[in-house]
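Engineer: One structure, pasted below without further comment.
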Amino acid sequence: MTHSNDNALKAENLTIGYGERTVIDNLSLNFPSGRMTAILGPNGCGKSTLLRALARLITPAKGSVRLGGDDIFSMDTRALARRLAILPQASKAPEGITVADLVRRGRTPWRGLFSAWSEADAAAVERALKEVGLTDMSERPIDQLSGGQRQRAWIALVLAQDTPCLLLDEPTTWLDLTHQIEVLSLVRERNRSQGVTVVTVLHDLNLAARFYDTLVLLGPNGMVAAGSPQDVLTEENLTTGFGLSAMVVPDPITGTPMVVPR
Amino acid sequence: MTSGMTRGLKGGLILAVALLVAIVLSLMIGQIRLSAFDLWNGLLTGKGPGALTLRVLRGPGIATAIGAGAALGASGAIFQILLRNPLAAPDIMGFTSGAGLAVVCGVLAGTTLPMPLLSAAGGLAAACAVAIMAIKRDGTQVPITLILVGLGIGFLTTAAHSFIVTRLPPEQAAEAQRWLTGSLAARDWGHAGQVFGCGAVLAVILAIQVRALGLLELGDDLATGLGLKSNRARLKLAGTGVLLAATGVAVAGPIPFIALMAGPLGMRITGATQPGGRILSAAVTGAIITVLADLAARSIVPGLQLPAGVMTGIFGAPYLLWLLSREMDAGDI
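These protein sequence lines map, in sequence, to chains A and B. Counting from 255, one number per residue, gives the positions in the first sequence under the numbering used here. Counting from 166, one number per residue, gives the positions in the second sequence under the numbering used here.
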């Protein structure tokens, strides 16, 4: 099943604050349908706050978020959960729960209160497990898995949710490089095969440049740049965004920009 | 799934047999010993000492113990899953002693309101107090704060219990003290019917919410992302949990540590990891603990009927200490 219709996510004049402090100030951004966008920036610049607002986990003080033209803040909770999935940062699994039990809970928005487990549910779970390579470990308790496997199990949960729009908050934190690449590869695989819109908060600039179509760089004073990796990862933008003096050279393998701190 | 299922079936069978054994032992042992033959005869013919024990002497108390223990156990499991902390139980967080305080105050004031209603009001009031006082400056709540504030509310209500007891004439004071410790003495079929009636209604309400509980234990953000109105769902579940605990308290008093112990113990026996299985295991385990505690209370010292709460305290308090030290090692406190 390919999600062909418009699944662009649009933030319009978004202002978000906690109490007195304004974290995001009048931000307008377009996350193109079927593309992978990474949100980058230093700690405390509001990356996660922005992502949480895009998923309706927090209500902005001003502005709106539209998914394929529909205002997400006036949508039914369940209807939204069928179109947009979010994997929050560092989730903790309940004690003893198996991979399959965890992933099955991703089917919740598609099930009625008393409806039985359907063939579509089973197929979606099976596919998600296969995509993350945990089919053989589906009956293992999560607490017995390695860090990389555990993160893949959580990703399988949102893949089983089977939404045309997928938001991930720092899915590679705490993982070693091999597993970071593994996780981003499987997200990109889902993006390429299903045309899923992906928005990810990431820390690693070079991986973002490799795996993502569009980058958004937030700085301490709001948005610095948005566009292709080449346009965003410039020496000037890195200074503005991170206060980092760095050289940008082509990645010897992919040719995408590679940031080398001075 | 299959290995988990067989383990679950085996565990369920163990719990069922344990409950049956506890019931039979509890029927046989007491101030007057009853043989298994007499009991069986009484059950079949409805005549003789066995029938008298079943119908009048011990039957109602045991039935009440089963209902109260199940209600408390289920309530404990709900809060332990909801707050993802084994310390989160209505008896630790002051809900049961709040319910007990309301009942004693109501009875002393001579109100004609039914006990479950008083108990529910007291439990809900304590829960609201805990929830409000645990709100942080940014408007959020964290489980460990809720538990510690609850502990404080529990001490406060217990102090109020003691104060009230000292103000009463000796006879009433002894009675009130006994009830506040948690006791199943002198229960009749009315009590049993009441706890099973209220419990059944709440069980149905809970069954509808089990799936929501399974989402909330993944964390509020993920639950919301999966289409749940998290705040509302959590409020409803907490309300159901408080009412279940209050149902148990109304017939058995604020009997301590059953809600705390039943969940983890039941989970260990059945290996249940899903909320529904965990609550069910906790309910049956709670019933077993309560029946055994009542049995021990009335037979351990010949000629003396101790409150069942004394017995659950003897086992529950060391368990709580062990749990606290484990949580401290994990750095959660």
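No residue lacks a Cβ here, since even glycine has one placed at the ideal position from N, Cα and C. These numbers come from a predicted model, not from an experiment.
#1: Assign B:Thr331 to one of two classes, buried (16 or more other C-beta atoms within 10 Å of its C-beta) or exposed (fewer than that).
#2: What residues in its chain sit with their C-beta under 6 angstroms from that of B:Val189, if we drop five residues either side in the sequence?
#3: Are the Cβ atoms of B:Leu552 and B:Ala417 separated by less than 8 angstroms?
#4: So with Cβ pairs under 8 angstroms, would you call B:Met166 a contact of chain A?
#5: Can the beta-carbon of A:Val437 be found closer than 8 angstroms to that of A:Arg406?
#6: Assuming the contact rule is C-beta atoms closer than 8 angstroms, B:Ala236 and B:Gly413 should be a hit. Round their C-beta distance to whole Å, please.
#7: Is A:Ser345 close to chain B? Criterion is C-beta to C-beta, closer than 8 angstroms.
#8: For a cutoff of 8 angstroms on Cβ pairs, would you count B:Asp203 as touching chain A?
#9: Going along chain A in order, which residues have a C-beta closer than 9 angstroms to the C-beta of B:Glu492?
#10: Cβ of B:Gln439 less than 8 angstroms from any chain C Cβ?
#11: Whose C-alpha, out of B:His326, B:Pro467, B:Ile179, B:Pro472, is nearest the C-alpha of B:Thr450?
#12: With contact counted as at least three CB pairs below 8 angstroms, one residue from each stretch, are the stretch 356 to 373 of chain A and the stretch 316 to 325 of chain A in contact?
#13: So, with DSSP's three-state summary, where would you put A:Pro511?
#14: Does the CB of B:Gly517 have a neighbour CB from chain A at under 8 angstroms?
#15: Since A:Val379 and A:Arg394 should fall inside the 8 angstroms C-beta cutoff, what is the C-beta to C-beta distance between them, to a whole number of angstroms?
#16: Can you grab the Cα-Cα spacing for the pair A:Met477 / A:Thr488, in whole Å?
#17: Less than 8 angstroms between CB atoms is the rule here; does B:Arg399 satisfy it with respect to chain A?
#18: Could you pull out every residue in the same chain whose Cβ sits closer than 7 angstroms to the Cβ of A:Ala309, ignoring the five residues on either side in sequence?
#19: List, in order along the chain, the chain B residues whose C-beta lies closer than 8 angstroms to that of A:Arg359?
#20: List the endpoints of the continuous beta strand (DSSP E) containing B:Pro281.
#21: Pull up the CB-CB distance for B:Ile257 and B:Ile312, whole angstroms please, since I reckon it's below 8 angstroms.
#22: Against chain A, does B:Lys394 count as a neighbour if the rule is that its beta carbon must be under 8 angstroms from one of theirs?
#23: Would you check if the distance between the CB atom of A:Lys264 and the CB atom of A:Asn284 is smaller than 8 angstroms?
#24: How is the alpha helix (DSSP H) around A:Thr451 delimited, first residue to last?
#25: Tell me where the alpha helix (DSSP H) around A:Ser282 begins and ends.
#26: Just to make sure I have the definition right: I need the residues of chain B whose C-beta is within less than 8 angstroms of the C-beta of A:Asp355. Which are they?
#27: Expressed to the nearest angstrom, what Euclidean distance is found between the alpha-carbon atoms of B:Ala291 and B:Ala267?
#28: Quick check on DSSP: helix, strand or coil for A:Asp330?
#29: Per the DSSP calculation, A:Asp375 is bridged to which residue(s)?
#30: Tell me which residues of the stretch 302 to 323 of chain B have at least one Cβ-Cβ distance to chain A shorter than 8 angstroms, keeping chain order.
#31: Please list, in chain order, the chain A residues whose beta carbon lies closer than 8 angstroms to that of B:Ile373.
#32: For A:Pro418, which residues in chain B fall below 8 angstroms Cβ to Cβ?
#33: Do A:Thr468 and A:Ala480 have their CB atoms nearer than 8 angstroms?
#34: Run down chain B in chain order and give the residues with a C-beta less than 8 angstroms from the C-beta of A:Tyr466.
#35: Hey, how far is the Cα of A:Val386 from the Cα of B:Pro255?
Structural biologist: Short version:
#1: exposed
#2: none
#3: Residue 552 of chain B is absent from the model: chain B starts at 166 and stops at 498.
#4: Caution is warranted here: a pLDDT of 45 is assigned to B:Met166, below 50, making its placement in the model unreliable, and no coordinate value can be reported.
#5: yes
#6: 4 angstroms
#7: yes
#8: no
#9: What B:Glu492 touches in chain A: nothing, since even the nearest Cβ is about 14 angstroms away.
#10: The structure shown contains no chain C; the protein chains it does contain are A and B.
#11: B:Ile179
#12: no
#13: strand
#14: Limits of chain B in this structure are 166 at one end and 498 at the other, which puts residue 517 of chain B out of reach.
#15: Between A:Arg394 and A:Val379 the Cβ distance is about 15 angstroms, and since that is not below 8 angstroms, they are no contact.
#16: 14 angstroms
#17: no
#18: Leu338, Ile340, Leu421
#19: Gly379, Leu380, Leu383, Leu391
#20: Unbroken run through B:Pro281 is the alpha helix (DSSP H), 280 to 298; no beta strand (DSSP E).
#21: 6 angstroms
#22: yes
#23: yes
#24: From DSSP, A:Thr451 is part of no alpha helix (DSSP H) but of the beta strand (DSSP E) over 451 to 455.
#25: Element bounds for A:Ser282: not the alpha helix (DSSP H) but the beta strand (DSSP E), 275 to 285.
#26: Thr438, Gln439
#27: 10 angstroms
#28: coil
#29: Bridge partners of A:Asp375: none, in fact.
#30: Asp303
#31: Leu367
#32: What A:Pro418 touches in chain B: nothing, since even the nearest Cβ is about 14 angstroms away.
#33: yes
#34: The premise fails here: A:Tyr466 is roughly 21 angstroms from chain B at the closest Cβ pair, so nothing lies under 8 angstroms.
#35: 40 angstroms
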